[in-house]
Amino acid sequence: MIPRSVAQYFRYTTEKLKERHWKFECKATYLEIYNERIRDLLRSEDTRQKLEIVQRNKKKKDLFEVSGLKEVIVSSSSEVFPILHQAKKNRSTASTDCNDVSSRSHSLFQLFLNGFNSESKQTVNGVMNLIDLAGSERLKISNAQGQRLKEPRL
-6 MIPRSVAQYF RYTTEKLKER HWKFECKATY LEIYNERIRD LLRSEDTRQK
44 LEIVQRNKKK KDLFEVSGLK EVIVSSSSEV FPILHQAKKN RSTASTDCND
94 VSSRSHSLFQ LFLNGFNSES KQTVNGVMNL IDLAGSERLK ISNAQGQRLK
144 EPRL
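Residues -6 to 147 (the numbering used here) make up the sequence shown, in order.
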C-alpha cells in the first residue's frame, strides 16, 4: 500500500501540479511501535536512543511528534523505495502459522509535504500518514502463543 500511495502522490505532483506552477518539497519518516517502545526504522545502526511522543505546540494541544526521528528528504518515488526497503529489514517480524514473516509491530510511515506556487505565492503543508497494524491474522488460526500473542496489542 505504501509504495502505491507514494508513487501516486509523486505522479500527480510532477505531472498535474507542476503544470500549475506548484513545487513540492517532501521529507519522510518511518517508525515502529513494538512492545510499547518506539523505534526509528530509518536508522541502520541499532540505537538505544529512547524515542518519545512530545507535544509540539502548547496552543494546539492535538499536535504531537516523535522527536529524534531521522527525516529523509525525497523528491520522487524512486528515492522513497530504498527507504521502504531499509525499513522493512529493520522491522520486527516473526513466524506464525498464517505467515512466515508476520510483522509483529505497528508502523507509521509519514510523508511531510510543503508546497509553493510560484505564480500565486500560495503555500500549503500536509502530512500523509500510512499506518500498518501488527497481527492482522486471526489469533485463533495463527496459533500465536506467549510473546507472539501479546505483540499485536498497543
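We put the beta carbon where it would ideally sit given N, CA and C, even for glycine.
Pairwise C-alpha distance: residue j and residue i
{"i": "R36", "j": "S113", "result": "38 Å"}
{"i": "F102", "j": "F109", "result": "23 Å"}
{"i": "D33", "j": "Y23", "result": "6 Å"}
{"i": "S126", "j": "H14", "result": "The displayed chain sequence assigns Leu, not Ser, to residue 126. Taking the straight line joining both Cα atoms gives about 37 Å."}
{"i": "Y5", "j": "E25", "result": "28 Å"}
{"i": "K11", "j": "N28", "result": "43 Å"}
{"i": "I76", "j": "K51", "result": "32 Å"}
{"i": "L104", "j": "Q1", "result": "13 Å"}
Host alpha helix (DSSP H) of residue i (start-end)
{"i": "R97", "result": "First-last for R97: undefined, no H or E at that position."}
{"i": "Q1", "result": "I(-5) to Y5"}
Coil, strand or helix - residue i by DSSP
{"i": "K11", "result": "helix"}
{"i": "K81", "result": "helix"}
{"i": "Q103", "result": "strand"}
Continuous beta strand (DSSP E) stretch holding residue i: start and end
{"i": "L123", "result": "T116 to D125"}
Exercise. Are at least three pairs of beta-carbons, each pair with one atom in the segment 74 to 86 and one in the segment 48 to 64, less than 8 Å apart?
Worked result: The segment 74 to 86, when compared against the segment 48 to 64, does not touch it at the 8 Å Cβ threshold.
For this session: Could you pull out every unbroken alpha helix (DSSP H) segment of at least 4 residues lying fully inside the segment 14 to 78, listed in chain order?
Result: none
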